[in-house]
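Visitor: Counting from 18, one number per residue, gives the positions in the sequence shown under my numbering.
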Amino acid sequence: MQTKNFAGHDHGLWNAWDVSSIYLIKNTAFKYINYDHEHHKADMIMSLSLRNANINLHVTNERDYGHLINTDNFNVTLARPDLYNFLQNPFDWIRKYISTNYLEQLQAGYTALQPCQDVYLFHLVTDVFADDLLAVMENYCRRTYDSDLENFDTRAVHMSQVPNTAAHFIVRYKTAEEHFVAPKHNSRVYSANIALNRIGVEYNGGGRYFKRYNCSVINIEKGWMIMHPGRITHVYTDLPIIKGISYTAVSLIYP
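1. By alpha-carbon positions, which one of Asn231, Ala266, Met63 and Lys260 ends up nearest to Met244?
2. Determine the burial state of Ala147: buried for a count of at least 16 other Cβ atoms within 10 Å of its Cβ, exposed for fewer.
3. Give the DSSP bridge partners of Asp255, in chain order.
4. From Thr143 to Ala152, what does the alpha carbon distance come to, in whole angstroms?
5. Given this structure, state the Cα-to-Cα distance separating Asn90 from Ser37, to the nearest angstrom.
6. Since Gly247 contacts Tyr207 with CB under 8 Å, what's their CB separation in whole angstroms?
7. Which residue wins for smallest C-alpha separation from Thr254, given the options Asn51, Ser233 and Tyr40?
8. From the DSSP secondary-structure annotation, give me the bridge partner or partners of Asn71.
9. Compare the C-alpha of Trp34 against each of Asn69, Tyr49, Leu150 and Asp53 and name the closest.
10. I'd like to know whether the C-beta atoms of His13 and Leu65 end up nearer to each other than 8 Å.
11. As an exercise, report each continuous beta strand (DSSP E) stretch of at least 3 residues that is fully enclosed by the region 35-112, in chain order.
Have a look at this one:
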């Protein structure tokens, strides 16, 4: 019995040493179950007593009956508790929050969209991820205006202000607030920015202009990431918002 068999790669019926959590059992087998053992947990004692009675335990994945989730650390007081639940339930977290073509974009033969030189676009996360991340930020509603982390003319929520997050930030561009954004380059080796709301619906305008290449990236879709170098080569200007409010998740990264 191998772990890969339970990941859906192989299908069949296996004789198991131990079963726990959820199972089907015939009523005729109950008389063989003995829980009188001081050194083992109840599920292990049950399996042991059935094996001693020559009753086989089987595991099958020939049909999908669903899967169990771990709710031990699920905190309903959080704004979006599922967003914090990656380590406990990675399968459900990935299915809910990661783009369905994420793995395809990691393949060696994949050709990434490159609207400007060394500027790449990837579909990274779902709309639900963007909505939930914004909800978490709005829940804390603490904005930094003259941050000592990055001297940018923006309005940002630094994730260091939110528990259990890294030192990245959410940037808000609002028509009434951002009259001019000066050319700048990030202090890190490269920058990865994810659009968190929908252009043409929640805002108009925006994008990024790279002066050295005389090239602009506009109409970045919700859940898509724009990634490019920082420091010397990619001085850029954030283009103004014409209408509405734009939100972007920003990561400034050392390799």
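Where is the CB? At the ideal position from N, CA and C, for every residue including glycine. If you're wondering where the values come from, they're calculated on a predicted model, not measured in any experiment.
Guide: For this structure:
1. As a first step, residue 244 is located in the sequence shown; it is residue number 227 there, counting from the start. Measuring from the Cα of Met244, the nearest candidate turns out to be Ala266.
2. Here residue 147 corresponds to residue number 130 of the sequence shown, with the count starting at 1. It counts as buried.
3. Here residue 255 refers to the residue found at position 238 when the sequence shown is read from its first residue. DSSP, once it has assigned bridges, lists Arg225 as partnering Asp255.
4. Taking the sequence shown and counting its residues from 1, one reaches residue 143 at position 126. Taking the sequence shown and counting its residues from 1, one reaches residue 152 at position 135. Thr143 and Ala152 have their C-alpha atoms spaced approximately 14 Å apart.
5. If you number the sequence shown from 1, residue 90 lands on position 73. If you number the sequence shown from 1, residue 37 lands on position 20. Looking at the two C-alpha atoms, the distance is approximately 20 Å.
6. Counting from one through the sequence shown, the residue named residue 247 turns up at place 230. Counting from one through the sequence shown, the residue named residue 207 turns up at place 190. Right, the Cβ-Cβ distance comes to about 6 Å (below 8 Å), so this counts as a contact.
7. Locating residue 254 in the sequence shown gives position 237, counting from the first residue. Relative to the Cα of Thr254, the nearest Cα in the group Asn51, Ser233 and Tyr40 belongs to Ser233.
8. As a position in the sequence shown, residue 71 is number 54, starting the count at 1. Looking at the DSSP assignment, Asn71 forms no beta bridge with any residue, so it has no partner.
9. Counted from its first residue, the sequence shown places residue 34 at position 17. The shortest Cα separation from Trp34 among Asn69, Tyr49, Leu150 and Asp53 belongs to Asn69.
10. What is shown of the chain runs 18 to 272, which leaves residue 13 out entirely.
11. Here the runs fully enclosed are 74-77.
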